[in-house]
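Report on one structure; see the data block that follows.
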């Protein structure tokens, strides 16, 4: 793999990225919480884009992967700003956003803040508002007290070392909720969700579908698929959803 390029943001954060030239509208992959641009889905979609001559961008939020800053210094607002900067500086015209888990939430925030730059949306196990509805709502009294008094709490993770959750992450998340106010998605949207996902419950996908408003939204539930959504069948479904959104957005497949 070639070395990543670097984009320095107005805030001084250094974002690592890989960009492929190709046809418009391009595709931007937005990764999940504590994930990075070398994940299975990001790399698979880059290969898909190259085969199809489609412009493609994958990058690491600050505090993730090869980008600068510490993970515990970041929050939803910072990572959304990173995403909007990457879209603004590294792509041209409207893009198809593919958001995985937290990346689904960030894609929705981008769509709300810069709708003129979004031609369509594909989410994979989208986790909108998870800092409030999953983390904070799931904390016991001791965890809430630790968060408030000590500024952070460690949560066990199935993906490696514990997640250190900061008070700033929770409080900032409340300023970026998308399921409490009208959410307009005026372009083709495909939500993908596994029924065996233990990190994002199926009810979240149903709530998102019911809450958002748009002329062309569909939710696909995949029996037995987990949160990774990265086996060959699931990767094929992501490709199919992306091709459908591209077709309906006028970009062909």
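In UniProt numbering, the protein residues as written are 1 to 253. Every residue, glycine too, gets a C-beta built ideally from N, C-alpha and C.
- Just measuring C-alpha positions, the residue of 3, 87, 46 and 30 sitting nearest residue 9 is 87.
- Runs of the alpha helix (DSSP H) lying entirely within the region 134-188 and spanning at least 4 residues, in chain order: 141-150 and 167-173.
- Residue 51 is positioned such that its CB atom lies no closer than 8 Å to that of residue 20.
- Residue pairing by DSSP leaves residue 9 without any beta bridge partner.
- In the displayed model, residue 230 falls within coil according to three-state DSSP, outside both helix and strand.
- Assignment of residue 122 by DSSP, reduced to helix, strand and coil, places it in the strand class.
- By alpha-carbon distance to residue 103, the top candidate from 219, 221, 41 and 175 is 41.
- Its Cα nearest to that of residue 35, the residue 64 stands out among 136, 64 and 15.
- Between residue 188 and residue 210, the C-beta spacing is not below 8 Å.
- In the three-state reduction of the DSSP assignment, residue 91 falls in the coil class.
- Taken atom to atom, the span from the alpha-carbon of residue 153 to that of residue 95 is near 37 Å.
- Boundaries for residue 51: no beta strand (DSSP E) harbours it, while the alpha helix (DSSP H) harbouring it runs 40-51, taken from the DSSP string.
- Per the DSSP secondary-structure output, residue 17 pairs in a beta bridge with 5 and 59.
- Distance from the CA of residue 163 to the CA of residue 156, rounded to the nearest whole angstrom, comes to 6 Å.
- Taken through DSSP and simplified to helix, strand or coil, residue 107 comes out as helix.
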